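Student: Shown below is the structure under consideration.
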Amino acid sequence: MNSEDVFINCPFSDDYDSFFKAILFTVIRSGFNPRCAREEDDGGDVRFDKICRIIEDCKYGIHDISKTDSDGDPPLPRFNMPLELGLFLGARKYGDAEQSLKKAIIFDREAYRYQKYISDISGQDIHAHNNDVDPLIIEVAAWLRRASKRKTVPGGTAIADEYAVFMKNLPVMLAARQMQPQDLTYDDDVTFIAEWLVRNA
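No gaps in the numbering here: position 151 of the sequence shown is 163 in my numbering, and each next residue is one more.
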């Protein structure tokens with residue numbers, strides 16, 4: 013298990029993209045390595061096995077269950093996030109001594125909304141971001157600082173300010189590489205964030 017690795021369990025939908033980028037930005041700015049199911053695109057790899065490997069590697073986990081809603085036709089709930097949360101908590105509970113050191117933070121858009129559909133985690137401390145990127149960044153930064161006991165993790169408000177500037181600069185960075193927002197892969201997101209931070213942080 014790598015103490016630098018942070019598992020990100022969140023929606024990969026267009027309406028969550030700014031939140032996903034905010035989590036990536038905060039994790040990288042805080043000196044950690046983000047990991048998620050999108051980091052590899054190997055058609056020969058079983059997705060569930062890949063997720064299990066990543067979870068096993070990561071000491072920290074950021075889980076956002078705010079998009080566990082019914083959608084599509086017919087309208088069905090999206091249970092990927094609760095499933096991956098369960099895998100992470102299960103690894104901590106039933107894994108070896110090293111796996112028991114895992115630490116997790118769980119987000120929803122409202123403080124107690126999760127009790128309506130995943131009441132088994134009612135004993136967990138759920139953080140509400142209220143569909144706002146800034147509180148999400150502030151909470152993630154504070155949690156990483158607490159969980160890792162690292163004094164090098166910046167304050168969340170400062171990171172949120174930097175993220176806002178990054179998002180304003182991103183269209184220019186994309187244009188310089190003849191790319192559109194829809195062209196971005198996970199690796200592209202990580203690369204653009206890391207390059208921007210080298211120049212500006």
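Each residue gets a CB set at the ideal place from its N, CA and C atoms; glycine is no exception.
These numbers come from a predicted model, not from an experiment.
1) Is the shortest distance between the beta-carbon of Tyr28 and the beta-carbons of chain D less than 9 Å?
2) Nearest by alpha-carbon distance to Tyr28: which of Asp108, Met13, His141 and Lys62 is it?
3) How long is the line joining the alpha carbons of Arg158 and Asp53, rounded to whole angstroms?
4) So, Gly73 versus Ile138, is the Cβ gap smaller than 9 Å?
5) For Val152, count the other beta carbons within 10 Å of its own beta carbon; 16 or more makes it buried, fewer makes it exposed. Which is it?
6) Buried or exposed for Glu16, going by 16 or more other Cβ atoms inside 10 Å?
7) With a 10 Å radius around its C-beta and 16 neighbouring C-beta atoms as the bar for buried, classify Tyr175 as buried or exposed.
8) Mapping the DSSP letters down to three states, classify Asn181 as helix, strand or coil.
9) At 4 residues or longer, what runs of the alpha helix (DSSP H) sit wholly inside the stretch 140-184?
10) In the structure shown, what three-state DSSP assignment does Arg189 receive?
11) Excluding the five sequence neighbours on either side, which residues of its own chain have a C-beta within less than 6 Å of the C-beta of Tyr129, listed in chain order?
12) Enumerate in chain order the residues of its own chain whose CB-to-CB distance from Arg104 is below 7 Å, with the five nearest sequence positions on each side excluded.
13) Here's a check: name, in chain order, each residue in its chain whose Cβ is nearer than 6 Å to the Cβ of Phe178, leaving out the five neighbours to either side.
14) Could you tell me how far apart the beta carbons of Leu36 and Pro46 are, in whole angstroms, since I believe they sit closer than 8 Å?
15) Name the residue from Ala154, Arg162 and Arg189 whose alpha carbon lies nearest to the alpha carbon of Ile171.
Tutor: On the basis of the data shown:
1) The structure shown has no chain D; it contains just one protein chain.
2) His141
3) 33 Å
4) no
5) buried
6) exposed
7) buried
8) helix
9) 145-160
10) coil
11) Confidence is the limiting factor: at Tyr129 the pLDDT is only 48, short of 50, which leaves the residue's position unreliable, though a coordinate-based value still follows. So the list is empty, once near-sequence residues are dropped.
12) Gln111, Ser112 and Lys114
13) Trp208
14) 5 Å
15) Ala154
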